[in-house]
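Undergrad: Count the sequence shown with the numbering used here and you get residues -18 to 238, in order. First the structure, then my questions, so here it is.
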Amino acid sequence: MFRRRGSGATAVAEAVEPDALVLDGVGRSYRRGAVALEPVDLAVPRGRFLAVMGPSGSGKSTLLQCAAGLDRPTSGTVRIGGVAIAPLGEAALTRLRRERVGFVFQAHNLVPSLSVLENVALPLLLGGVTDDAGRALRALDSVGLGERGTDRPAELSGGQQQRVAIARALVTSPEVVFADEPTGALDPATAQDVLALLRQAVDRDGHTVVMVTHDPAAAAWADEALFLAEGRIATRLTRPDSAQVHGIMRNLGRRAA
Ligand code: ADP
């Protein structure tokens, strides 16, 4: 099955697959034989919220970086929305990351000199979309901050700034939103608000979220938790609850020790 993006001479036919993200034998090793990630197979269907967990050094960041096109795996293939990223040159990969992938980091990385609304609109502007202020405002509205568009980031609380970062990640309607410890710098109550927003993005708007976290309470918001140990998928849990996740993490920690 195919769909067309763009129009006229720039139209590209792309295979439509039900999975937003596919990793097929994706591994990452470094010189002198250090293996950060053994070959991993993983498919994340559209509209799924996946948590990636594991002890420190288990390969979570490596998996996220390879899956998001921030790092090149040394084996296997990554497909984002049906597009294989290995054959893409740097310019095309940058464009794919900007247009088809959203990022939320522990540090929100908002630009302090821009207004909140300009921060949200930034991925659109960088992609050459200049006539769609409505989209940025809708994204800001969807995280409950539609009234704060003219403020600077510093005028907002830490939790609100992270909500702005989520709006910025969602504004392009990306295939996948990658969140790396998105609640790592927040107090538990604010963290719950941010996780509820990610959950809402999945349930209400059909977004796909892949979140790295070390926090069992955060993982409990996901549809599925995947546990890495020593660069391999050790186990997976559907509809994880925080006690189960805690137990698995404790066992993996013991194994790693
Ligand atoms: P996590 O995010 O779970 O803490 P990482 O993905 O950062 O784990 O790291 C997985 C493993 O890969 C670790 O053993 C780490 O030391 C190793 N590693 C990460 N980056 C490099 C690198 N640039 N060179 C060599 N080894 C690396």
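All C-beta atoms in this analysis are idealised placements derived from N, C-alpha and C, irrespective of residue type, glycine included.
Just how far apart, CA to CA, sit L179 and I147?
TA: Residue 179 sits at position 198 when you count from the first residue of the sequence shown. Residue 147 sits at position 166 when you count from the first residue of the sequence shown. So the alpha carbons of these two residues sit roughly 8 angstroms apart.
Undergrad: Please specify which runs of the alpha helix (DSSP H), each continuous and at least 4 residues long, are wholly inside the region 90 to 163, giving them in chain order.
TA: You should have 97 to 107, 114 to 123 and 139 to 151.
Undergrad: Going by C-alpha to C-alpha distance, which of N90, D222, V193 and V152 sits closest to L106?
TA: Walking along the sequence shown from the start, residue 106 turns up at place 125. Minimum Cα distance to L106 is reached at V152.
Undergrad: Which residues neighbour the ligand ADP when neighbourhood means a C-beta less than 6 angstroms away from any of its non-hydrogen atoms? List them by chain order.
TA: This criterion selects Y11, A15, A17, G35, S37, G38, S39, G40, K41, S42 and T43.
Undergrad: May I ask you to report which of helix, strand or coil DSSP gives I66?
TA: As a working mapping, residue 66 is identified with position 85 in the sequence shown. It is coil, neither helix nor strand.
Undergrad: Quick check: what's the CA-CA separation for L45 versus D161?
TA: Counting from one through the sequence shown, the residue named residue 45 turns up at place 64. Counting from one through the sequence shown, the residue named residue 161 turns up at place 180. The straight-line gap from Cα to Cα measures roughly 8 angstroms.
Undergrad: My guess is that P221 and A210 are in contact by the Cβ rule of under 8 angstroms, so how many angstroms apart are they, rounded?
TA: For the purposes of this step, residue 221 is identified with residue 240 of the sequence shown, where counting begins at 1. For the purposes of this step, residue 210 is identified with residue 229 of the sequence shown, where counting begins at 1. So it is not a contact: roughly 16 angstroms between Cβ atoms.
Undergrad: Under the DSSP definition of a beta bridge, which residues are partnered with S56?
TA: To locate residue 56, count along the sequence shown from 1; it is residue 75. Answer by DSSP bridge pairing, in chain order: G8.
Undergrad: Take P93 and list the residues in its own chain whose beta-carbon comes closer than 7 angstroms to its own, dropping the five residues that flank it on each side.
TA: Indexing the sequence shown from 1 puts residue 93 at position 112. Only R133, P134 and A135 meet the Cβ criterion.
Undergrad: Please report how far the alpha carbon of F86 lies from the alpha carbon of R13, in whole angstroms.
TA: Numbered from its first residue, the sequence shown carries residue 86 at position 105. Numbered from its first residue, the sequence shown carries residue 13 at position 32. Their backbone Cα atoms lie some 30 angstroms apart in a straight line.
Undergrad: Do G83 and R149 have their C-beta atoms within less than 9 angstroms of each other?
TA: Counting from one through the sequence shown, the residue named residue 83 turns up at place 102. Counting from one through the sequence shown, the residue named residue 149 turns up at place 168. Contact flag set, yes.
Undergrad: Quick one, which of A200, G125 and D204 has its alpha-carbon nearest H188's?
TA: Position 207 of the sequence shown holds residue 188. It is D204.
Undergrad: Quick check: E80 and P155, are their CB atoms within less than 9 angstroms of each other?
TA: Walking along the sequence shown from the start, residue 80 turns up at place 99. Walking along the sequence shown from the start, residue 155 turns up at place 174. Contact flag set, yes.
Undergrad: What's the call for S245, buried or exposed, on a 16-neighbour Cβ count within 10 Å?
TA: The structure shown does not extend to residue 245, since the chain is modelled only from -18 to 238, so the question has no answer here.
Undergrad: When you compare the region 224 to 234 with the region 18 to 29, are there three or more beta-carbon pairs, one atom per stretch, that lie closer than 8 angstroms?
TA: No, because fewer than three Cβ pairs between the region 224 to 234 and the region 18 to 29 fall closer than 8 angstroms, the two stretches do not touch.
Undergrad: How many Å lie between S223 and R185 at the Cα?
TA: The residue labelled residue 223 in the question sits at position 242 within the sequence shown. The residue labelled residue 185 in the question sits at position 204 within the sequence shown. Roughly 23 angstroms separates the two Cα atoms.
Undergrad: Between G40 and the rest of its own chain, which residues show a CB-CB distance below 6 angstroms, the 5 nearest in sequence each way excluded?
TA: Here the question's residue 40 lines up with position 59 in the sequence shown. Here the set comprises A17, L18, L209 and G212.
Undergrad: Could you check where the beta strand (DSSP E) with D22 kicks off and where it finishes?
TA: By 1-based counting over the sequence shown, the position of residue 22 is 41. Start and end: V16 to P26.
Undergrad: How about R116 and V110: do their beta carbons lie closer than 9 angstroms?
TA: Here the question's residue 116 lines up with position 135 in the sequence shown. Here the question's residue 110 lines up with position 129 in the sequence shown. In this structure, V110 lies closer than 9 angstroms to R116 by Cβ.
Undergrad: Which of helix, strand or coil does DSSP assign to A88?
TA: As a position in the sequence shown, residue 88 is number 107, starting the count at 1. DSSP places A88 in coil when its eight states are reduced to three.
Undergrad: Look at the Cβ atom of M34, then the Cβ atom of A200, and state whether they are nearer than 9 angstroms.
TA: Taking the first residue of the sequence shown as position 1, residue 34 is located at position 53. Taking the first residue of the sequence shown as position 1, residue 200 is located at position 219. Against a cut-off of 9 angstroms, the Cβ pair of A200 and M34 comes out as a contact.
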